Amino acid sequence: MGVVNVTPDSFSDGGLFLDADAAVEHGRRMAGEGAAILDIGGESTRPGAEPVAEDEELRRVLPVIERLAGGAADARISIDTTKSGVARPALDAGATIVNDVSAFRFDPALAGLVADSGADCCLMHMLGEPRTMQEDPRYDDVVSDVKAFLEERLAFAMDEGVAEERVWLDPGIGFGKTVEHNVELLRRLDEIVAIGRPVVIGTSRKSFLGKLAGGRDETQRVPGTIATNVLALERGATVFRVHDVAQNADALAVAAATFRLNVGEGAR
Ligand code: HH2
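Just so we're aligned: the sequence shown equals residues 23 to 290 in this note's numbering.
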């Protein structure tokens, strides 16, 4: 899953793809590099971010979705939003996945929209909201707490009519988590996979990778991103949300071939 941030303020690529032509070209290139999904967002969720009004968010993403879904790229289109007022036109324009970092908490009506449209959805864990989530995050046990949250949100989605097989789950790396919380979630990701739904993982360029590697800035976090994605693959994740598609796709292809070989040998 390649990230297309049509925003002025995203944490690692804010402003680079605010222009629709640049965003479409970026999406087209990532699809060529192997992204099966393009995740298009018009609102930053970085720690401390202020909400973006619905009409502004729509103004940013809709022209990009129309062109990428309309044949500019050979990939499925995901709309990264928490608002049904943005998701509805995006789905009408050809998006087939709704990626909601609030897991239907901010706009519960989004669940019914997803149900009616037959789209897939990704429900992600976040502690509270972006504005305050990094202020002293605490858990009893981060993996058990995140797992319980995702199970509850899956049940809510199904109550609202979303088919179980349409739901993907994401532990929300960096969303109200310390470095230790992020590492623990990755180390025990198999416990989230055990819920039984596809697991999405989004570590790409995030600050904990910079801290663990001795203070790397956003542009220097590709090796750390790859390390976490290979570990997540081994623990059962199936969707990898990244900014640097070519490098991650190569690493995951090699890792996947190696894991398959191990499985085969074990079976003989
Ligand atoms: N992370 C970000 C945004 N959306 N969606 C899912 N499912 N999982 C994630 O980990 C995730 C996400 C944050 O990254 P980015 O879009 O690059 O930054 P910003 O929110 O500043 O635009």
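We treat Cβ as the ideally placed atom computed from N, Cα and C, and that holds for glycine. Quick caveat: nothing in here was measured; it's all calculated off a predicted structure.
As the crow flies, the alpha-carbon of residue 72 is around 29 Å from that of residue 236. In the three-state reduction of the DSSP assignment, residue 184 falls in the coil class, being assigned neither a helical nor a strand state. Boundaries around residue 77 are those of the alpha helix (DSSP H), 76-89, since no beta strand (DSSP E) includes it. Taken atom to atom, the span from the alpha-carbon of residue 267 to that of residue 158 is near 32 Å. Only residues of its own chain outside the window of five on either side were considered, and among them 133, 136, 137, 143 have a CB closer than 8 Å to the CB of residue 184, listed in chain order. The Cβ atoms of residue 260 and residue 225 lie no closer than 8 Å to each other. Taking the C-beta atoms as reference points, residue 111 is found nearer than 8 Å to residue 84.
Relative to residue 97, the option among 60, 152, 180 whose CA is nearest is 60. When secondary structure is reduced to three states using DSSP, residue 101 falls in the strand class. Short note on residue 146: C-beta closer than 7 Å to some heavy atom of the ligand HH2.
Burial check for residue 281: the Cβ neighbour count within 10 Å stays below 16, so the residue is exposed. Less than 8 Å divides the Cβ of residue 243 from the Cβ of residue 227.
A Cβ-Cβ separation of about 5 Å places residue 23 in contact with residue 263 under the 8 Å criterion.
For residue 62, the uninterrupted beta strand (DSSP E) run begins and ends at 59-63, by DSSP.
For residue 102, the CB falls within less than 7 Å of some heavy atom of the ligand HH2. For residue 108, the closest C-alpha among the options 197, 63, 196 is that of 63. Residues 147, 168, 207, 214 of the same chain have their beta carbon placed closer than 6 Å to that of residue 193, with the five preceding and five following residues left out of the count.
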